[in-house]
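Read in order, the letters of the sequence shown correspond to residues 1 to 62 in the UniProt record's numbering. Worksheet for the structure shown next.
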Amino acid sequence: MTVNKNNQRYQITITPEEKAQLRALCQATKERPSTLIRRLICTEKRLYDSGFLPSYNSKVKK
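Dropping the structure here:
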């Protein structure tokens, strides 16, 4: 999944496999895709900020 940051609403491009997974998650949680994706992005940010996930900058070799 890639996010285009030039778009004000963060246009997201997903693969057909990711689309099927998103559809299944939406059916299971009874949430709209936009709401579910927003919550997933916020959760991922919280995990990065709290140190449970390595930051993107630590993966980039200089």
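Ideal placement from N, C-alpha and C gives every residue a C-beta, glycine not left out.
In the DSSP assignment, residue 44 falls within the alpha helix (DSSP H) that extends over 33-50.
Under the three-state reduction of DSSP, residue 30 is assigned to coil, being neither helix nor strand. As the crow flies, the alpha-carbon of residue 18 is around 12 angstroms from that of residue 37.
Taking a C-beta distance under 7 angstroms as the contact criterion, residue 22 and residue 33 qualify as a contact pair. Taking C-alpha positions only, residue 35 is separated from residue 41 by approximately 10 angstroms.
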